[in-house]
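One structure is given here, and the rest of the page talks about it.
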Amino acid sequence: MVDLSVPSAARMYDWLLGGSNNFEVDQDACELLLQAAPTSREVALNNRWFLQRVVRTLAREHGIRQFIDFGSGLPTQRNVHQIAQEANPGARVVYIDNDPVVLALGQSLLDENEDTAILSVDMRDTDAIFAHPDLNRLIDFSEPTAALFISVLHCLPDSSGPEELVRRVVDRLAPGSFVVVCQLVSDDPQVRKDVTDLMLEKTGGNWGRVREKHDVESIFQGLIPQEPGLVDVTDWRPDSELQQRQRSIEWTEYGGLGRVPNPD
Numbered sequence: 001m002v003d004l005s006v007p008s009a010a011r012m013y014d015w016l017l018g019g020s021n022n023f024e025v026d027q028d029a030c031e032l033l034l035q036a037a038p039t040s041r042e043v044a045l046n047n048r049w050f051l052q053r054v055v056r057t058l059a060r061e062h063g064i065r066q067f068i069d070f071g072s073g074l075p076t077q078r079n080v081h082q083i084a085q086e087a088n089p090g091a092r093v094v095y096i097d098n099d100p101v102v103l104a105l106g107q108s109l110l111d112e113n114e115d116t117a118i119l120s121v122d123m124r125d126t127d128a129i130f131a132h133p134d135l136n137r138l139i140d141f142s143e144p145t146a147a148l149f150i151s152v153l154h155c156l157p158d159s160s161g162p163e164e165l166v167r168r169v170v171d172r173l174a175p176g177s178f179v180v181v182c183q184l185v186s187d188d189p190q191v192r193k194d195v196t197d198l199m200l201e202k203t204g205g206n207w208g209r210v211r212e213k214h215d216v217e218s219i220f221q222g223l224i225p226q227e228p229g230l231v232d233v234t235d236w237r238p239d240s241e242l243q244q245r246q247r248s249i250e251w252t253e254y255g256g257l258g259r260v261p262n263p264d
């Protein structure tokens with residue numbers, strides 16, 4: 001049962017991207033968010049373009065054929081499997097989310113694609129994820145895999161251990177695998193407080209907090225950062241079109257791409 005009286009971060013993100021899989025309660029919450037952080041739409045759009053660029057880079061330049069998208073959110077134009085399979089028709093993608101709307105819409109889009117699956121699992125439950133038959137049908141963990149945590153870890157409170165979650169996943173990946181992480185950060189403590197308070201109230205506590213850059217940097221400990229390192233995702237290998245886009249001001253998505261090293 002979907003509680004349509006409570007906004008969800010996934011549906012709010014969909015609205016900011018110009019999607020239609022959202023409800024009035026999500027739209028109202030977004031209007032309040034735009035008051036607290038007026039360039040939130042730019043943050044969402046820049047993040048979506050980053051996802052497309054980084055997946056294309058992983059598939060084309062690094063030959064990655066396996067992707068696991070943690071907290072994947074609502075399907076929109078140019079999803080991970082579409083980009084990866086354009087570059088490599090045999091690419092396999094597993095989406096993970098426990099939002100009922102995400103699952104319903106995602107499953108309807110993926111039913112005809114045998115190289116994709118969507119798992120109804122809380123992304124924090126790594127034991128259930130890695131034991132899931134659909135994951136093990138599609139992902140060979142003896143080969144390099146890309147694990148994506150794109151604009152999702154800020155939805156987890158500190159008590160859920162976002163850094164530890166990424167570490168548990170990394171420990172399951174073969175050397176030469178890649179991890180993509182970005183999350184919402186701000187240098188302004190008032191923005192961090194205002195947006196965090198707003199999202200906690202509106203989502204009924206289904207939120208973590210807006211963090212700082214050092215919080216993201218700590219997640220990459222033990223990984224080998226790939227060029228250009230950890231940056232505002234707008235600056236992660238931008239193309240000419242993105243260079244013309246408006247930047248966010250109050251907050252940003254910060255992160256990058258890391259490689260799982262070979263064992264010593």
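Each residue of the sequence shown is one higher than the one before, starting from 1 at the first, in the UniProt record's numbering.
C-beta: ideal position from N, C-alpha, C; glycine also.
- Nearest neighbour of GLY255 by Cα position, chosen from HIS154, CYS182 and LEU173, turns out to be CYS182.
- In this structure, the CA atom of LEU17 is about 18 angstroms from the CA atom of VAL195.
- For GLU253, the secondary structure class from DSSP, reduced to helix, strand or coil, is strand.
- Distance from the CA atom of VAL179 to the CA atom of ASP235, rounded to whole angstroms, is 18 angstroms.
- Nearest in C-alpha terms to VAL94, of all of ALA104, PRO100, ASP171 and ILE129, is ILE129.
- Closest by C-alpha distance to ASP99, out of ARG192, ILE249 and PHE70, is PHE70.
- When the beta-carbon positions are compared, ASN79 and VAL233 stay at least 7 angstroms from each other.
- Assigned with DSSP and collapsed to three states, GLY161 falls in coil, not helix or strand.
- Between HIS81 and THR116, the gap from beta carbon to beta carbon is short of 7 angstroms.
- It is roughly 11 angstroms from the alpha-carbon of LEU165 to the alpha-carbon of ARG172.
- Per DSSP, the beta-bridge partners of ARG259 are PHE178 and ILE224.
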